[in-house]
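Visitor:
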Amino acid sequence: MWKRRTMIRLALAVLAISIGFTRPSQAITGTVRVTVVKAGFAVGAGGGRGVLTVRHRKYPFTVRGLSVGLSAGASISRLVGRADHIGELSDFTGTYSVVGAGVALIGGIGGVQLRNDKGVTINLQGARAGLELAANVSKVVIILDQSRSTPN
Numbered sequence: 051m052w053k054r055r056t057m058i059r060l061a062l063a064v065l066a067i068s069i070g071f072t073r074p075s076q077a078i079t080g081t082v083r084v085t086v087v088k089a090g091f092a093v094g095a096g097g098g099r100g101v102l103t104v105r106h107r108k109y110p111f112t113v114r115g116l117s118v119g120l121s122a123g124a125s126i127s128r129l130v131g132r133a134d135h136i137g138e139l140s141d142f143t144g145t146y147s148v149v150g151a152g153v154a155l156i157g158g159i160g161g162v163q164l165r166n167d168k169g170v171t172i173n174l175q176g177a178r179a180g181l182e183l184a185a186n187v188s189k190v191v192i193i194l195d196q197s198r199s200t201p202n
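In terms of our numbering, the sequence shown is numbered consecutively and its last residue is 202.
Structural data, given as structure tokens:
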């Protein structure tokens with residue numbers, strides 16, 4: 051009985067020590083604002099500029115993309131949202147797969163979720179202006195310009 055209690059206490063002590071050595075996740079969450087201009091019929095192309103705000107700093111970035119699916123017309127979108135699961139700031143740069151839908155008839159709303167191969171997800175929503183109907187799958191390239199970061 052005494053040995054059993056000693057073993058349990060020893061196991062609890064080892065568990066407590068190991069919990070003390072674990073580190074919380076260092077994943078970064080940031081806010082995103084982006085303006086995208088897009089046009090197309092069946093195949094669409096677009097581009098724009100945005101700002102990622104992380105840890106009280108603003109990082110400008112550019113967006114380029116191509117979409118395939120139901121897409122007709124042209125629009126300008128002003129989207130806001132958040133970027134999650136950023137391990138390092140450089141993880142934000144990359145090629146994202148996009149699934150989204152939206153309608154713009156002079157004005158409208160849209161939403162989109164992006165994910166890259168580094169696990170970063172970006173959820174955006176916002177206003178669209180123009181004449182467009184879109185339900186497509188896209189690839190978007192985001193290039194972060196870390197040299198032009200500014201304090202918030």
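Here a beta-carbon is modelled for each residue, glycine too, at the ideal position from N, C-alpha and C.
Look up ASP141 in the DSSP assignment and say whether it is helix, strand or coil.
Guide: Three-state DSSP puts ASP141 in a helix.
Visitor: Nearest to ARG165 by CA position, among ARG105, GLY94, ARG178 and PHE142, is which residue?
Guide: Ranking the options by Cα distance to ARG165, first place goes to PHE142.
Visitor: Is ARG132 helix, strand or coil when you go by DSSP?
Guide: Strand at ARG132.
Visitor: Return yes when the Cβ of ARG114 is within less than 7 Å of the Cβ of VAL170, no when it is not.
Guide: Not in contact: VAL170 and ARG114 (Cβ atoms no closer than 7 Å).
Visitor: Determine whether the beta carbon atoms of VAL130 and ARG178 lie at a separation below 7 Å.
Guide: Against a cut-off of 7 Å, the Cβ pair of ARG178 and VAL130 comes out as no contact.
Visitor: Taking only three categories from DSSP, how would you classify LYS43?
Guide: Residue numbering for the chain in the displayed model covers 51 to 202; residue 43 lies beyond these limits and cannot be assessed.
Visitor: Can you give the Cα-Cα distance for GLY161 and GLY137, rounded to whole angstroms?
Guide: Rounded to the nearest angstrom, the two C-alpha atoms are 24 Å apart.
Visitor: Just the C-alpha distance for SER188 and ILE58, rounded to the nearest angstrom, thanks.
Guide: For SER188 and ILE58, the distance between alpha carbons rounds to 55 Å.
Visitor: In whole angstroms, give me the CA-to-CA distance for GLY203 and ILE193.
Guide: Any answer about residue 203 is impossible in this case: the structure gives the chain only from 51 up to 202.
Visitor: Inspect the beta-carbon positions of VAL87 and ILE126 and report whether they are closer than 7 Å.
Guide: Yes, the pair counts as a contact, with Cβ atoms nearer than the cut-off.
Visitor: Look up LYS108 in the DSSP assignment and give the residues it is bridged to.
Guide: Paired residues: THR103 and THR200.
Visitor: Using a 10 Å radius around the Cβ and a threshold of 16 neighbouring Cβ atoms, would you call ILE159 buried or exposed?
Guide: The residue is exposed, with fewer than 16 neighbouring Cβ atoms inside 10 Å.
Visitor: Determine the direct distance from the alpha carbon of ASP167 to that of TYR146, and round the result to whole angstroms.
Guide: Approximately 7 Å between the Cα atoms of the pair.
Visitor: Kindly list the residues whose CB is nearer than 8 Å to the CB of GLN175, restricted to its own chain and excluding five residues on each side of it in sequence; keep chain order.
Guide: Within the same chain, GLN175 has close Cβ partners LEU129, VAL130, GLY131, ILE159, GLY160, GLY161 and VAL162.
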